[in-house]
Structures are given as C-alpha cells and as structure tokens.
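Going by my numbering, the sequence shown opens with residue 158, and the numbers climb by one from there.
Working notes for the structure below.
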Amino acid sequence: MTKLRSARWFEAPTRMGHTHRQRILQGGFERQDFAGKPVVAILSTWSDLNPCHAHFRERAEDVKRGVWEAGGFPVEIPVMALGEPFVKPTAMLYRSLLAIQTEESLRCHPVDGAVLMGGCDKTMPGLLLGAISMGLPSIFLPSGPMLTGRWRGQAMGSGTDTAKAFLDWKAGLMSDAEFATLEEAGARSPGHCMTMGTASTMTALADAMGWSPTGASSIPAPDSRHRHMAVRVGRRAVELIREDFRPDRLTTKAAFHNAIVTLMALGGSTNAVIHLIALARRAGLDLGLDDFDRLSRKVPVLADMRPSGRFLMEDFFEAGGMRGLLSRLTDLLDLDAMTISGRTLGAEIADAPVWSDDVIRPRNRPLRDSGGLAILRGNLAPDGAVLKVSAASPELLKHAGPALVFEGWADFAARIDTPDLPADENTVLVLRNCGPKGAPGMPEWGMMQVPKKLLERGVRDIVRLSDARMSGTHFGTVVLHAAPEAAIGGPLALIHDGDMIELDAETRTISLRVDAAELDRRRAAWRAPEPKHARGWAKIYTDRVEQADRGADLDVLGHGPASPEPEIN
Ligand code: FES
Numbered sequence: 158m159t160k161l162r163s164a165r166w167f168e169a170p171t172r173m174g175h176t177h178r179q180r181i182l183q184g185g186f187e188r189q190d191f192a193g194k195p196v197v198a199i200l201s202t203w204s205d206l207n208p209c210h211a212h213f214r215e216r217a218e219d220v221k222r223g224v225w226e227a228g229g230f231p232v233e234i235p236v237m238a239l240g241e242p243f244v245k246p247t248a249m250l251y252r253s254l255l256a257i258q259t260e261e262s263l264r265c266h267p268v269d270g271a272v273l274m275g276g277c278d279k280t281m282p283g284l285l286l287g288a289i290s291m292g293l294p295s296i297f298l299p300s301g302p303m304l305t306g307r308w309r310g311q312a313m314g315s316g317t318d319t320a321k322a323f324l325d326w327k328a329g330l331m332s333d334a335e336f337a338t339l340e341e342a343g344a345r346s347p348g349h350c351m352t353m354g355t356a357s358t359m360t361a362l363a364d365a366m367g368w369s370p371t372g373a374s375s376i377p378a379p380d381s382r383h384r385h386m387a388v389r390v391g392r393r394a395v396e397l398i399r400e401d402f403r404p405d406r407l408t409t410k411a412a413f414h415n416a417i418v419t420l421m422a423l424g425g426s427t428n429a430v431i432h433l434i435a436l437a438r439r440a441g442l443d444l445g446l447d448d449f450d451r452l453s454r455k456v457p458v459l460a461d462m463r464p465s466g467r468f469l470m471e472d473f474f475e476a477g478g479m480r481g482l483l484s485r486l487t488d489l490l491d492l493d494a495m496t497i498s499g500r501t502l503g504a505e506i507a508d509a510p511v512w513s514d515d516v517i518r519p520r521n522r523p524l525r526d527s528g529g530l531a532i533l534r535g536n537l538a539p540d541g542a543v544l545k546v547s548a549a550s551p552e553l554l555k556h557a558g559p560a561l562v563f564e565g566w567a568d569f570a571a572r573i574d575t576p577d578l579p580a581d582e583n584t585v586l587v588l589r590n591c592g593p594k595g596a597p598g599m600p601e602w603g604m605m606q607v608p609k610k611l612l613e614r615g616v617r618d619i620v621r622l623s624d625a626r627m628s629g630t631h632f633g634t635v636v637l638h639a640a641p642e643a644a645i646g647g648p649l650a651l652i653h654d655g656d657m658i659e660l661d662a663e664t665r666t667i668s669l670r671v672d673a674a675e676l677d678r679r680r681a682a683w684r685a686p687e688p689k690h691a692r693g694w695a696k697i698y699t700d701r702v703e704q705a706d707r708g709a710d711l712d713v714l715g716h717g718p719a720s721p722e723p724e725i726n
C-alpha cells in the first residue's frame, strides 16, 4: 500500500499534526483505532426528510462494522440528503451541489477512500459525480427499494399507481376518504421507490457500471441481506484503498456502454439520459444522445417493470435481480468491464440464475423488441428530446395536433382544469420555461396532468411536450428535455396556441409545422424571461448550468486537471 493520504494529517510531526491526533482522541477514539489505518469516509444522505434513506443510520453502522473488521477507520460525514418528495422546486436543482459537497468533503478531510450511501433519485448521480472528480477509491452503497405497496388487495407501485389513483380520484371515480387511505399503504418501509423509476434505474446503472457489488442494487432495503451487503461494502472499501483502486478503473467507455444497454433493457427512467451524460463528461468521456438512440434500437426491454410493465422491485429481486437481468444480455454487454470487486462484469454474472421469466423476460419473449427510450430531433428540438416509448400510448406515437401552450408551472396550474380550456384528445400540451435555466433546475413537471374535462370523458393520455423532466415512475406520451430550452430562446419559445405539432416516434422526430420565415419573425420578436434569482445558489446554478443534452451539470465542474490537495499548515 502506498502512503495513506490521511497520514498528512495524522502522522505529521508538527503542531497541527499534534492537534489532529488530539482532536480524534477527543471524539472518544483510541490511538490504535486510527493510527496507520486507512480512513474510510462514509458519505451519508440520511435526513428525517429523506424517508427513502430512513435506514441509513443503521446501515452506516453496518458499513462501519465492515470497515473495522477489515482494519480501517470509519468516519461518517453527512452530505445533502435530497429527499425527492420534499425538495422543491426539484432535487435536480441541487444535484450538482451534492456533487460539490461530495468532492469537497473528501478533499478537505483526512480520508483515503469513501463509501457513497445513496439511492433516492439525485443522490446516486450527485455522489458519483463528486467521487469521479475527487478520484479517491470509492464504492457505492445503494439504499435498496422499499417494499411493495399494498392497497385494496392490489400491489401498488410508487408514483406510477399513485398517479393512476389520482386520475381516478380527479375524474370522480373515488371518494376523498378512499384516496386518503393510499397515504398509509403506498410507501410502507424505508427504501427508494420500488417501481422502475429514477432511483431503481440509477442504482441499477451504478451496479452495471461496477460501482456496487454486482446485484446489490436489487436487494430490498429492509431485507437482512441488505445489511449483510452493507458490511461487505465496508470491508471492500478498506481493500480498495490498499489496492489503490480508483474510480478511473470504472469510468470507462465499456462501463457507460453497459449502463445504456441496462437502461434500455430495464425500460428505465428518462432521467438516466441526463445523469449518464453528466457522469461521462465528468470522467472526460464523450457520451451523447445519439449513443442512447443507437443502443435503444438494438436492446430489447426485458424487465417487465412498472411503469412500462407489470412488476415491482421485490419481484425483480426474487426473479434474480440485476445479475439475472445482465446474464440475459451477455451478447450486448462489454463483459471485460471492471467492477468494484476487482473482477470483470462477465465473471460477476457468470451462471447467474433467473427464477421468473415473467419478470425478467427471456430474449425470445421481450416486453418490447427494442426502443425503451427514443431520442427525438426536429425543428422543435435541434439538440434533442427524449420520449419513453415503453411507457407511452402506442396509438399516440405518431400524432399531429394543435398546440396549447403554458408559460410555466403557475400558468399551467391556473388554467389546466378550467372548463373552457380549448383542449381535446388531439391537443398537444406544451409547457415551456421549465428547463435547466428556466425553472431553474428542470423540475419533473413534464407529465402534465390531462385536463379534468378530458379525464371525465375517459381520456387518460394525450401528447405532451416540454423542456422539463418527468419522474421515472411516470408514464404517458410525454416528450421531455427539449433542447435548447425555451428560456434561452429554444424553439419551444416560438410556439403559438393552435400551431400544429407533429410527433413521429418511428422517424424520431418532433416538429412544428410553421414555415421558417414565420419562425424567424417570431425569433426576432422573442424576449428572454426575467431571471428568477438575483443571488445565492439558484443564481450560481442558473448562470453556470449547461443544457440537458450536455448533462445539465455546471460548466465549472467539468473534466479538467485534478484540483490540488489542500495545504496543511
Ligand atoms: Fe425517493 Fe422516489 S421518492 S426514490
């Protein structure tokens, strides 16, 4: 083992070295607890306002047990918890702030490596972005999915089924009291959303890219096997430091290829497109929307998981989980990619069983032959837009209809349920000024509610288009991430009510049927909306965030020369 980074703090024969040792002893540790030992930072995204991580205090103790067993010194460091349901306007506004916290918490402290504890949507990308930039040996501990929701004799999936029940309640098919009982039943244990939403997707992708023990992401949060896995993660963190196993072993082209193949086979979240591009760019790799479309055309959707299919994460785990899924994709994966175990992905999934062909479909009986996600282009999205084909209505995948434009969320909320709203089942709802800079933070407002007057007529899906994102648990014919966004003069800014919009998922196009001369006139007359923030983090974010097709990271956080180690007086 090369000299420990933490030795600069703890072994220095200086007044400040004396202080560092004194202050660790102040914490109740003895000299033999830390002297000469690898220091493992446990970066925890626990908070009372992140119920998906309610078990993280206990899991941090499990990790510590593993670190002690392996001869390391564990130190727990809290970072921003980013509980998806509570952080407004969107946790995405803070993903890069978590990345900064992760990178700088590791840089400024006497630590040699890290366990990254995350799961709820933005926590995985936030933690990994920072860990990639810092470059210390790091392992990801996925929070695991919560248990299946149970309600009125039915399995209820986070987000997906709540959204469906909400539509029924809004259409008058369910009483207030009935709907309220779902509040107790829908989320009944710690763990992230158990549909194939953003959290299940991103933790699965961390798994496929080798950042977790292979298969760890599928273990339900309350399962005792999740605790066992946490102990093993702690042990492995110490070994990673001794082996000098750094993230650049994992951030390879092969790993990102495997992540995209997995994303498509899962019918995973549209948000993964943005996060993977951001992660690759941090690592200095060139990953773009076309990489997703190319693989989308080749990779079948095998996971029959809501919102695209029928099952939930407990079913997926019992069916063989990520190891089982990956074992059915061996011809499409790069099996030589490295994993955190020090073995290749191929070695990790060799002979992995699948116990249910209903949940993890065989290759000759996929949920879809290809195309879980489609990348659209056209005069409404010259830099791309994303459509989750697997969760859309097949009859709307080729559609032309008149636009009905909303200027932002407040405008949408004020008008969508008005009885005289000029909308029918052919209408294309357009929501603009909700992109990375416009909102700011690109909230999950893209699955706009279908107007009440249409719900009452039994309509459950219409085409929707925005520069926002949508929850990975959501569904419908929803075109997202249109780039460049309206707030910087992107084409969504030029749409007028009644303009014809054409969606064709087969040809991968989203177009406005307005002639170029008229669009030029509108462009010349366009004025940028007033920025919403004059100070603080939101101002920094708005000024520096890049567009969705570049991962919506801050321009100052991109790949570059390593930042210097802190000077120690
Ligand atoms: Fe945490 Fe869905 S709210 S993962």
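Heads up, the beta-carbon is just placed ideally off N, CA and C, and yes, glycines get one too.
- In the DSSP annotation of this structure, the continuous segment of the beta strand (DSSP E) that includes H556 starts and ends at K555 to F563.
- Distances from the CB of H349 to the heavy atoms of the ligand FES include at least one below 6 angstroms.
- Closest in alpha carbon position to K610, among P370, L588, E582 and F632, is E582.
- By the criterion of a C-beta distance shorter than 8 angstroms, L676 is surrounded in its chain by N536, P648, L651 and L669, once the five residues flanking it on both sides are discounted.
- Taking the Cα of L436 as reference, the smallest distance to any Cα among K410, G424, P246 and A570 is reached at K410.
- For P302, the number of other beta carbons within 10 angstroms of its own is at least 16, and it is reported as buried.
- Taken in chain order, the whole alpha helix (DSSP H) runs of length 4 or more contained in the stretch 494-530 are 502-506.
- Per the Cβ contact rule, the stretch 380-392 is in contact with the stretch 285-303 (3 or more Cβ pairs under 8 angstroms).
- Taken atom to atom, the span from the alpha-carbon of T355 to that of L423 is near 11 angstroms.
- The criterion of a C-beta distance shorter than 7 angstroms is satisfied by C350 and T630.
- In the structure shown, A271 adopts extended strand secondary structure according to DSSP, grouped into three states.
- One alpha carbon belongs to R222, the other to D472, and they sit about 30 angstroms apart.
- About 4 angstroms separates the CB atoms of E659 and A557; that is less than 8 angstroms, so the two are in contact.
- Per DSSP, F569 is one residue of the alpha helix (DSSP H) stretching across W566 to R572.
- Residue state for V456 is assigned as coil, using DSSP reduced to three classes.
- Residues of the same chain with a CB within less than 7 angstroms of the CB of V713, apart from the 5 flanking positions on each side, are R701 in chain order.
- Residue ranges of uninterrupted alpha helix (DSSP H) with 4 or more members, entirely inside the stretch 410-484 and ordered along the chain, are 410-423, 428-439, 446-453, 470-475 and 478-484.
- For E261, the enclosing alpha helix (DSSP H) covers residues R252 to C265.
- Contact between the stretch 515-534 and the stretch 450-463 is present, with at least three C-beta pairs closer than 8 angstroms.
- With a contact defined as Cβ atoms closer than 8 angstroms, L433 and A412 miss out at about 10 angstroms.
- About 7 angstroms separates the beta carbon of M353 from that of S465, a gap short enough to meet the 8 angstroms contact definition.
- Our two residues, A337 and D405, have alpha carbons roughly 48 angstroms apart in a direct line.
- Taken in chain order, the complete beta strand (DSSP E) segments of 3 residues or longer contained in the stretch 605-647 are 621-623 and 635-637.
- For D364, the closest alpha carbon among the candidates A643, R572 and M281 is that of M281.
- In the DSSP assignment, S201 falls within the beta strand (DSSP E) that extends over V196 to S201.
- Per the coordinates, the alpha-carbon of A238 lies some 23 angstroms from the alpha-carbon of A625.
- Inclusion of A356 in the 6 angstroms shell around the ligand FES follows from its C-beta lying nearer than that to a non-hydrogen atom of the ligand.
- By the Cβ test, the stretch 251-261 is not in contact with the stretch 208-220, since fewer than three Cβ pairs between them sit closer than 8 angstroms.
- Among the bridge pairs identified by DSSP, E659 is matched with A557 and S668.
- In the assembly as shown, E552 is an exposed residue. Its beta-carbon has fewer than 16 other beta-carbons within 10 Å.
- Counting of Cβ neighbours within 10 angstroms places M366 among the buried residues, the total reaching 16 or more.
- Per the coordinates, the alpha-carbon of K245 lies some 13 angstroms from the alpha-carbon of N207.
- Around the beta-carbon of C265, fewer than 16 other beta-carbon atoms lie within 10 Å, marking it exposed.
- Cα atoms of D540 and P593: separation of roughly 14 angstroms, rounded to the nearest angstrom.
- Proximity to T575 across K555, Q606 and P600 peaks at Q606, based on C-alpha coordinates.
- Here G306 carries a strand assignment [DSSP, helix/strand/coil].
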